[in-house]
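Notes follow the structure.
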Amino acid sequence: MIHYEMANDSRRLLTPRSAAERLGVSYSTFKQWIYKGSVRTVQTSGGHHRIAESEVERLLSAAGRAPKGRPSRPFSGVLVSLSGRNQLRGIVEEVRVEGLLAQVRLRIGEQRLTAVITRDAIDALKLKRGQPALAVIKSTEVMIGVESP
421 MIHYEMANDS RRLLTPRSAA ERLGVSYSTF KQWIYKGSVR TVQTSGGHHR
471 IAESEVERLL SAAGRAPKGR PSRPFSGVLV SLSGRNQLRG IVEEVRVEGL
521 LAQVRLRIGE QRLTAVITRD AIDALKLKRG QPALAVIKST EVMIGVESP
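Heads up: the sequence shown begins at 421 in the numbering used here, then just goes up one per residue.
So, in structure tokens, the structure goes:
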């Protein structure tokens, strides 16, 4: 197990079950990663593991370089490939809908990315706060995509 101080990450700690859900893996698989030391945790005074949101983001970002036993990607849905090369994995931090347009803010590591997309796209993608999403950047356009479960 790797333990570390939560200087900047103390604002939001997740339970292993919540972190597993965000990563799209089973609770038991996630617990095995903790025991193997693949996931950095903080232990409560009662001995329970807690995971910083930044650690979940690190795992999502590193999904292409996943340790043995971990899926190569946290997504496993319909989106198979895309011609855009600039793809950034993140977590939906905010969705604001007003009229025909919506503003989506993704947290990608320590960075924030904001895109304006149509309200129809929000409805079709069912974008919600805390959901993993993919920002695809092509030239001056940013598209937000999610894979179906």
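The C-beta atom is built at its ideal place from N, Cα and C for all residues, glycine as well.
Item: Below 8 Å on the Cβ atoms is my guess for R460 versus E475; work out the distance and round it to an integer in Å.; Value: 5 Å
Item: Based on Cα-Cα distance, which residue from G565, Q551, G550 lies nearest to I557?; Value: G565
Item: So is R539 in contact with chain C if we call contact Cβ pairs under 8 Å?; Value: Here there is only one protein chain, and chain C is not present.
Item: Start and end of the beta strand (DSSP E) containing V462?; Value: 460-463
Item: Determine the direct distance from the alpha carbon of R509 to that of Q463, and round the result to whole angstroms.; Value: 27 Å
Item: Among N506, T449, H468, G457, which one has its Cα closest to the Cα of T435?; Value: H468
Item: Among the residues of its own chain, which have a CB less than 7 Å from the CB of I471, if the five just before and after it don't count?; Value: L433, L434, P436, A439, V459, T461
Item: With distances taken between CB atoms, is the gap from V562 to L547 smaller than 8 Å?; Value: no
Item: Here's a check: name, in chain order, each residue in its chain whose Cβ is nearer than 6 Å to the Cβ of I528, leaving out the five neighbours to either side.; Value: L508, G510
Item: Which value, in whole angstroms, describes the spacing of the CA atoms of V445 and A522?; Value: 30 Å
Item: For A472, which beta-bridge partners are listed by DSSP?; Value: L433
Item: Using a 10 Å radius around the Cβ and a threshold of 16 neighbouring Cβ atoms, would you call A555 buried or exposed?; Value: buried
Item: Using DSSP with H/G/I as helix, E/B as strand and the rest coil, what is L533?; Value: strand
Item: Residues bridged to E514 by DSSP?; Value: R525
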